[in-house]
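Trainee:
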Amino acid sequence: MSFATADLCDQHDDKIKVAEPIFRPYGAHLAFAGRIATVKVFEDNVLVRQALAEKGEGRVLVVDGGGSLRCALVGDQLAVLARDNGWSGIVVYGCIRDSAAINTIPIGVRALATHPLKSIKKGAGDRDIPVTFAGVTFVPRQFLYADGDGLIVSPVDLGADG
Numbered sequence: 100m101s102f103a104t105a106d107l108c109d110q111h112d113d114k115i116k117v118a119e120p121i122f123r124p125y126g127a128h129l130a131f132a133g134r135i136a137t138v139k140v141f142e143d144n145v146l147v148r149q150a151l152a153e154k155g156e157g158r159v160l161v162v163d164g165g166g167s168l169r170c171a172l173v174g175d176q177l178a179v180l181a182r183d184n185g186w187s188g189i190v191v192y193g194c195i196r197d198s199a200a201i202n203t204i205p206i207g208v209r210a211l212a213t214h215p216l217k218s219i220k221k222g223a224g225d226r227d228i229p230v231t232f233a234g235v236t237f238v239p240r241q242f243l244y245a246d247g248d249g250l251i252v253s254p255v256d257l258g259a260d261g
């Protein structure tokens, strides 16, 4: 991974949007980048699992969990599934669990917090739609870049090595 979000901001300030700094870093990869895929759910991770079971091809799954802090939408099993299927990272507007295990898995993860309770399993929600949180609209097929300084999105590939 050879990019810095600060440099991308300096070089492409007319193209990028910067997410509010509300996410905590998890996973063994601090920096990650890729095309955006989205799911919108609330306290239900069935669609998250379905998405991560597909070939990731270096994409980043952006999960709009409504900002819920009442249960986790991603745990270590889903992080392993994501890694095994070639996802670059996962951004969760909500919670994860199994953070100690996730921190050993070679994938990038951002989430609001941790919570030990698992989600419900009804399968409600939407996939591949624009979702908005942290002051940014995440649009499927656009690009996301995350590192220790923050998270940015761009409608075009900024040519970063990701």
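Quick note, my numbering runs 99 ahead of the 1-based positions in the sequence shown.
Built from N, CA and C at the ideal position, the CB exists for glycine as well.
Bear in mind that the values here come from a model prediction, so they are computed numbers and not experimental data.
1. Span of the alpha helix (DSSP H) holding Ile-201?
2. Inspect the CB distances between the stretch 171 to 184 and the stretch 219 to 231 and report whether three or more fall short of 8 Å.
3. Write down every uninterrupted run of the alpha helix (DSSP H) in the stretch 175 to 234 whose length is 4 residues or greater and which is fully enclosed by it, in chain order.
4. Who are the Cβ neighbours of Thr-236 in its own chain at under 6 Å, not counting the five residues just before and after it?
5. For Gly-164, which residues from the same chain have a beta carbon less than 8 Å from its beta carbon, with the 5 sequence-adjacent residues on both sides left out?
6. Skipping 5 residues on each side, what residues in its chain have a beta carbon closer than 8 Å to that of Lys-154?
7. Is the separation between the beta-carbon of Leu-250 and that of Leu-257 shorter than 8 Å?
8. Closest by CA to Ala-181, which one among Arg-148, Ala-132, Ala-118 and Phe-232?
9. Measuring alpha carbon to alpha carbon, tell me which of Val-179, Thr-213 and Pro-215 ends up nearest Ile-204.
10. Could you give the DSSP three-state label for Leu-107: helix, strand or coil?
11. Could you pull the start and end residues of the beta strand (DSSP E) that Arg-148 belongs to?
12. What number of angstroms, rounded off, separates the C-alpha of Ala-245 from the C-alpha of Leu-151?
Mentor: Taking the geometry as given:
1. As a position in the sequence shown, residue 201 is number 102, starting the count at 1. Counting along the chain, the alpha helix (DSSP H) containing Ile-201 begins and ends at 198 to 201.
2. no
3. 175 to 183 and 198 to 201
4. Sequence index remark: in the sequence shown, residue 236 carries index 137 (1-based). For Thr-236, where only same-chain residues beyond five positions count, the Cβ hits under 6 Å are Pro-229.
5. Here residue 164 is taken as the residue at index 65 of the sequence shown, counted from 1. These residues qualify, in order along the chain: Val-140, Phe-141, Glu-142, Leu-172, Val-191, Tyr-192, Gly-193 and Cys-194.
6. Residue 154 sits at position 55 when you count from the first residue of the sequence shown. Asn-184 and Gly-185.
7. By 1-based counting over the sequence shown, the position of residue 250 is 151. By 1-based counting over the sequence shown, the position of residue 257 is 158. No, Cβ-Cβ distance for Leu-250 and Leu-257 is not below 8 Å.
8. Looking up residue 181 in the sequence shown gives position 82. Among Arg-148, Ala-132, Ala-118 and Phe-232, the Cα nearest to that of Ala-181 belongs to Arg-148.
9. If you number the sequence shown from 1, residue 204 lands on position 105. Comparing Cα positions, the closest option is Val-179.
10. Counting from one through the sequence shown, the residue named residue 107 turns up at place 8. Note: Leu-107 maps to helix in three-state DSSP.
11. Walking along the sequence shown from the start, residue 148 turns up at place 49. Premise fails: Arg-148 lies in the alpha helix (DSSP H), 145 to 151, not in any beta strand (DSSP E).
12. Sequence index remark: in the sequence shown, residue 245 carries index 146 (1-based). Sequence index remark: in the sequence shown, residue 151 carries index 52 (1-based). Answer to the nearest angstrom: the Cα atoms are 19 Å apart.
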